[in-house]
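Okay, structure first, notes after.
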Amino acid sequence: MMLKINGLTLSVGEREALLPVRVASLLGLPEEAVAGLSVIRRSIDARRSRPPRFVYLVTVRIPDGMSYCIDRTLAGVTVTEEQETPHTGQTGPSSAGFPAPDRRPVIVGCGPAGLFAALTLVRKGIPVLLLERGKTVSERLVDVRSFWEQGVLDPESHVHFGEGGAGTFSDGKLTSRIKNPYTGWVKRVMVDMGAPADILVDARPHIGTDRLREVVVNLRNRLIEMGCEVRFGARVTDYIIRRGRLVGIVVNDADEIPTDHLVLATGQSAEDTYVRLAERGVALTPKPFAMGLRVEHPQEIIDRIQYGRWAGHPDLPPADYVLTASVKAPDRSVYSFCMCPGGVVIGCSDREGGVITNGMSRFRRDSPYANSAVVVNVRIEDLGGEGPLAGLTFRRHWEERAFA
Numbered sequence: 014m015m016l017k018i019n020g021l022t023l024s025v026g027e028r029e030a031l032l033p034v035r036v037a038s039l040l041g042l043p044e045e046a047v048a049g050l051s052v053i054r055r056s057i058d059a060r061r062s063r064p065p066r067f068v069y070l071v072t073v074r075i076p077d078g079m080s081y082c083i084d085r086t087l088a089g090v091t092v093t094e095e096q097e098t099p100h101t102g103q104t105g106p107s108s109a110g111f112p113a114p115d116r117r118p119v120i121v122g123c124g125p126a127g128l129f130a131a132l133t134l135v136r137k138g139i140p141v142l143l144l145e146r147g148k149t150v151s152e153r154l155v156d157v158r159s160f161w162e163q164g165v166l167d168p169e170s171h172v173h174f175g176e177g178g179a180g181t182f183s184d185g186k187l188t189s190r191i192k193n194p195y196t197g198w199v200k201r202v203m204v205d206m207g208a209p210a211d212i213l214v215d216a217r218p219h220i221g222t223d224r225l226r227e228v229v230v231n232l233r234n235r236l237i238e239m240g241c242e243v244r245f246g247a248r249v250t251d252y253i254i255r256r257g258r259l260v261g262i263v264v265n266d267a268d269e270i271p272t273d274h275l276v277l278a279t280g281q282s283a284e285d286t287y288v289r290l291a292e293r294g295v296a297l298t299p300k301p302f303a304m305g306l307r308v309e310h311p312q313e314i315i316d317r318i319q320y321g322r323w324a325g326h327p328d329l330p331p332a333d334y335v336l337t338a339s340v341k342a343p344d345r346s347v348y349s350f351c352m353c354p355g356g357v358v359i360g361c362s363d364r365e366g367g368v369i370t371n372g373m374s375r376f377r378r379d380s381p382y383a384n385s386a387v388v389v390n391v392r393i394e395d396l397g398g399e400g401p402l403a404g405l406t407f408r409r410h411w412e413e414r415a416f417a
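If you're matching positions, the sequence shown starts at 14 in the working numbering and goes up one per residue.
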C-alpha cells in the first residue's frame, strides 16, 4: 500500500535519514514496516512565529492490509492512500494524432521553449530544424564578458541572444505558476542533462548559471543525436506567405527554407521578429506587462530578516523574499519579481543606448549580495501609442532614458 504524507517536518540540523522514523511514529508502526520512502517536495517554513524548519511531502510503502493509526497530535500532517500509478505527464507530452509533415518543422530560438519544442518532436521521430540567431554557449561567454568588462556589445550575441536564451545568464529558476502536468518531466530531463537532482524536490528549484550552461549544451547534443539539425548564426529575416499560408522562411536575408510548420520561440528581445510579422499581416495582440528596476542588498541582511537568530546556519540556504503592494490612486500593483539570493546584478542590454538589467547567480548562490526586480504593472492604455507594437516602443523609451 502506498501512502502520501504531507506536512512532515525536520528542524534545522536534523538529517533526512530521520524521515522514516518520523513516518513510523506518525503511523504507529515499527520502523521496518516503512519502506521505499521518496521525497516528493521539500520547502522551508521560516515564519517568524517559530524557528525555521523543513517541510516535506513524501510517499512511503507499507505492507498491504497493515492497519495504521495516525498520531492526531501532529498538527498540519495529512495522510492519504495513493494508487501506485505513473505520474501524469511522466513521459512528457504526446504527439499522438500529429502525423509527420511533408516538410520538416522549423523552430526559431534556442532558449528553453525552443529546446523543449524540439525535444518533444524528435522524441516522436519527427525531424526538426532548430535555428538560433546567436552563438553557442562557449562563444556567448566570450562576447558577454567583453560587454561586461569592456563595454563592447555584439548586437547578435549578448545576454539575450544565443544558446539557452536569456536564462543562460540568470539564476536558473524553474518556476511555474500553473499546474502543468509536464513540469516533472521537464525537471527530469534537466537532471538527465546534468542539473542537480535537488530540483526534483525543492519547492523553489533553481539550477544556477554555472550548471545551466552545461545542461543546455548537453541537451543540444542530445537533440542532434536524435535527428535534430541545429544552426547558429541563423536569423530569420522574413516569412514567405502565399494565399494566407506559410510556405517558407528567409534566413539572414539570403537563404530560403521551405516549411509549413513554424514555431517561434524567440523571447521578448527579438523586436525585429515582431515588426516583420506585423508587416506581413500576421495578427498580433498587445498585452499588459510589468517593468521596473533592480534593487540590491547584502544577503546577510535578508538572512537575518527571514531566519532571525538562525541566520548563517549551514543547513539554511540564502534567504529570499516576496513583496507586494497595491496603490489605490493610481490603481497600481508594485511587487518584487525574480528575486535572486546570493547573486549579482548584471547588465544585459541588447542594443546600443539602452539599459537593461537582470539578476544572476551560481548554483551555490554564494555571492554576499541579494537582488530583486521591483516592478509595476503596465496597462495597454499606458502605452501611449496605437497598434500591437506600442509596448515595444514604450519599453525602448524607458530603457533609453535610463541610459541617458
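All residues carry an ideal CB built from backbone N, CA and C; glycine is no exception.
Taking Gly197 as the reference, give the member of Pro218, Gly360, Ala179 and Asp379 with the closest Cα. Pro218
Could you spell out the range, first to last residue, of the beta strand (DSSP E) harbouring His310? Phe302 to Pro311
Thinking just about the alpha-carbon of each residue, which of Thr188, Thr406 and Asp205 is nearest to the one in Arg233? Asp205
Assigned secondary structure, Gly280 (DSSP; H/G/I helix, E/B strand, else coil): coil
Straight-line CA distance for Ile315 to Pro354? 9 Å
Here's the rule: buried if 16 or more other CB atoms are within 10 angstroms of the residue's CB, otherwise exposed. What is Ser374? buried
Quick check: what's the CA-CA separation for Asn384 versus Ile262? 41 Å
For Leu166, the three-state DSSP class (helix, strand or coil): coil
Quick one: grab the DSSP three-state call for Tyr69. strand
Tell me, please, whether the region 111-122 touches the region 187-194 by the rule of three or more beta-carbon pairs shorter than 8 Å. no
Helix, strand or coil at Thr101 [DSSP, three-state]: Unreliable positioning characterises Thr101 in this predicted model, as indicated by a pLDDT of 49, which lies under 50. A coordinate reading is not provided.
Taking just the CA atoms, how far does Leu213 sit from Thr101? In this prediction, Thr101 has a pLDDT of 49, which is less than 50 and means its spatial position is unreliable; what the coordinates show is noted afterwards. Going by the C-alpha atoms only, they are around 15 Å apart.
Beta carbon of Asp328, beta carbon of Gly26: below 8 Å? yes
Could you give the DSSP three-state label for Ala386: helix, strand or coil? strand
State the start and end residues of the unbroken beta strand (DSSP E) segment that holds Asp205. Taken as a continuous stretch (DSSP letters only), Asp205 belongs to no beta strand (DSSP E), being part of the alpha helix (DSSP H) at Thr196 to Asp205.
Rounded to the nearest angstrom, what separates Leu236 and Ala283 at their Cα positions? 24 Å
Determine whether the beta carbon atoms of Glu145 and Glu94 lie at a separation below 8 Å. no
Alpha carbon to alpha carbon, what distance is there between Glu162 and Ala210? 33 Å
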